[in-house]
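K.L.:
Numbering (the working numbering), first residue to last: 2 to 293. In this text, a Cβ means the ideal position worked out from N, Cα and C, and glycines have one as well. This structure is in structure tokens; I'll ask about it shortly.
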């Protein structure tokens, strides 16, 4: 569970709703505090039990480089509504949502796409099968196939316990004790509970199943002509950094391993995460034919 360290909106960041061909999505939008966004925009997609707030610590910094930056709640996550149809929460269906979001956010120019953890499994579907031509793609703390490591066990518990006992049970017996042991402040605890209980039960169960059983589509992704970055923390307890490094090799992509970070670099190492993303985005834009 990605745990934001603060919830106060930084300057230039505000909550919004974006209407798309796939329906409405709750987002956080960041714009430069001074000047206009002159560079290509970016779309940030969170992981399974996360939300747009997982990117709060990096959004102002990313926007200050001259961009419009959008972080989203996926369908059925936190403040974005979702149906009770399991088919709406496959990686392919959610990837189609990302494609629709990209079209709505930036219909006239490509944007940079970032997928965190399960969000990486979703966003790659948009890159491989969608209509949008992206400026770059970053896999953040994500892997080639289903989740492994300690987080695999947590995912299997969720698949079993959410349908049987409900989301409240998982919060009280699993997530709340872990957050208390980690010394999470009361304000953040209140947010984490509200966020988890706001998720679609069907969506949460189905997305956990998808995170566990996603096929390896790296060979398909490698066929897309697109600048790709693999970014992770040195202590990632999802897909190990070695697995992510091997994935980057298969993609012909750089792999940046951030010190002092685990599975949520945007929370645990926001400055180095923002610097790595900005550097990569600027490089990708410099390689575009129109930049010559």
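When the distance is taken between beta carbons, is residue 64 closer than 7 Å to residue 96?
P.N.:
Walking along the chain shown from the start, residue 96 turns up at place 95. Walking along the chain shown from the start, residue 64 turns up at place 63. No.
K.L.:
Quick check: what's the CA-CA separation for residue 37 versus residue 31?
P.N.:
Here residue 37 is taken as the residue at index 36 of the chain shown, counted from 1. Here residue 31 is taken as the residue at index 30 of the chain shown, counted from 1. Rounded to whole angstroms, residue 37 to residue 31 spans 12 Å at the Cα level.
K.L.:
For residue 214, is the classification buried or exposed, using 16 other Cβ atoms within 10 angstroms of its Cβ as the cut-off for buried?
P.N.:
Here residue 214 refers to the residue found at position 213 of the chain shown. Flag for residue 214 reads exposed.
K.L.:
Using alpha carbons as the reference points, say which of 27, 217 and 47 lies closest to residue 129.
P.N.:
Walking along the chain shown from the start, residue 129 turns up at place 128. Considering only alpha carbons, the answer is 217.
K.L.:
Helix, strand or coil for residue 18 per DSSP?
P.N.:
In the chain shown, the residue the question calls residue 18 occupies position 17. Correct three-state label for residue 18: strand.
K.L.:
If you draw a straight line from the C-alpha of residue 222 to the C-alpha of residue 252, how long is it?
P.N.:
For the purposes of this step, residue 222 is identified with residue 221 of the chain shown, where counting begins at 1. For the purposes of this step, residue 252 is identified with residue 251 of the chain shown, where counting begins at 1. Roughly 7 Å between the two C-alpha positions.
K.L.:
So what's residue 66 in DSSP terms, helix, strand or just coil?
P.N.:
Your numbering for residue 66 matches position 65 in the chain shown. Reduced to three states, the DSSP call for residue 66 is coil.
K.L.:
I need the straight-line Cα distance from residue 132 to residue 15, nearest angstrom please.
P.N.:
Mapped onto the chain shown, residue 132 falls at position 131. Mapped onto the chain shown, residue 15 falls at position 14. If I take the Cα positions, the gap works out to 28 Å.
K.L.:
For the candidate residues 41, 200, 44 and 248, whose alpha-carbon lies nearest to that of residue 81?
P.N.:
As a working mapping, residue 81 is identified with position 80 in the chain shown. Closest option to residue 81, Cα to Cα, is 200.
K.L.:
Can you find the residues in the same chain that come closer than 7 Å, C-beta to C-beta, to residue 106, ignoring five residues on each side of it along the sequence?
P.N.:
Numbered from 1 along the chain shown, position 105 holds the residue referred to as residue 106. Taken in chain order, the residues that qualify are 19, 42, 44, 71 and 112.
K.L.:
Taking one C-beta from the stretch 133-153 and one from the stretch 231-240 each time, how about it: are there three or more such pairs within less than 8 Å?
P.N.:
Contact holds: three or more Cβ-Cβ distances are below 8 Å.
K.L.:
If you drop the 5 nearest sequence neighbours on each side, which residues of the same chain put their C-beta closer than 7 Å to that of residue 52?
P.N.:
By one-based count along the chain shown, residue 52 stands at place 51. Cβ neighbours of residue 52 beyond the five flanking positions: 74, 78, 79 and 196.
K.L.:
Buried or exposed for residue 170, going by 16 or more other Cβ atoms inside 10 Å?
P.N.:
If you number the chain shown from 1, residue 170 lands on position 169. It counts as exposed.
K.L.:
Between the beta-carbon of residue 249 and the beta-carbon of residue 119, is there less than 7 Å?
P.N.:
As a working mapping, residue 249 is identified with position 248 in the chain shown. As a working mapping, residue 119 is identified with position 118 in the chain shown. No, they are not a contact pair.
K.L.:
Measuring alpha carbon to alpha carbon, tell me which residue in 135, 47 and 33 is nearest residue 27.
P.N.:
Residue numbering aside, residue 27 sits at position 26 when the chain shown is read from its first letter. Out of 135, 47 and 33, 47 has the C-alpha closest to the C-alpha of residue 27.
K.L.:
In three-state DSSP terms, what is residue 279?
P.N.:
On the chain shown, position 278 is the one that residue 279 refers to. Note: residue 279 maps to helix in three-state DSSP.
K.L.:
Please classify residue 269 as buried or exposed, where buried requires at least 16 other C-beta atoms within 10 Å of its C-beta.
P.N.:
As a working mapping, residue 269 is identified with position 268 in the chain shown. So residue 269 ends up on the buried side.
K.L.:
Suppose you measure from the CA of residue 117 to the CA of residue 265; what does that come to, to the nearest Å?
P.N.:
Translated into positions along the chain shown, residue 117 becomes position 116. Translated into positions along the chain shown, residue 265 becomes position 264. For residue 117 and residue 265, the distance between alpha carbons rounds to 8 Å.
K.L.:
Run the CB neighbour count on residue 284, radius 10 Å, all protein chains shown included, and call it buried at 16 or more, exposed below.
P.N.:
Position 283 of the chain shown holds residue 284. It counts as exposed.
K.L.:
For the stretch 255-262 against the stretch 271-281, do three or more pairs of beta-carbon atoms, one drawn from each stretch, fall closer than 8 Å, so that the two count as touching?
P.N.:
Touching, per the Cβ criterion.
K.L.:
State the beta-bridge partners of residue 45 as determined by DSSP.
P.N.:
For this step, residue 45 is matched to residue 44 along the chain shown. Partner(s): 72 and 115.
K.L.:
Below 8 Å on the Cβ atoms is my guess for residue 163 versus residue 175; work out the distance and round it to an integer in Å.
P.N.:
Here residue 163 refers to the residue found at position 162 when the chain shown is read from its first residue. Here residue 175 refers to the residue found at position 174 when the chain shown is read from its first residue. 10 Å between Cβ atoms; not a contact.
K.L.:
Could you tell me the distance, in whole angstroms, from the CA atom of residue 108 to the CA atom of residue 210?
P.N.:
Translated into positions along the chain shown, residue 108 becomes position 107. Translated into positions along the chain shown, residue 210 becomes position 209. Distance between the alpha carbons of residue 108 and residue 210 is about 32 Å.
K.L.:
Suppose the cutoff is 6 Å on Cβ atoms and the five residues either side in sequence are ignored; what does the same chain contact list for residue 262 look like?
P.N.:
Residue 262 sits at position 261 when you count from the first residue of the chain shown. If we look at residue 262 and ignore the five residues flanking it on each side, its Cβ neighbours are 234, 269 and 270.
K.L.:
Does DSSP classify residue 293 as helix, strand or coil?
P.N.:
Your numbering for residue 293 matches position 292 in the chain shown. For residue 293, the predicted structure reports a pLDDT of 42, less than 50, and the residue's modelled location is therefore unreliable. The matter cannot be settled from this model.
K.L.:
Quick check on the DSSP output: what are the complete alpha helix (DSSP H) runs of length 4 or more inside the stretch 77-139, in order along the chain?
P.N.:
Listed in chain order, the complete alpha helix (DSSP H) runs (minimum 4 residues) inside the stretch 77-139 are 92-106 and 119-130.
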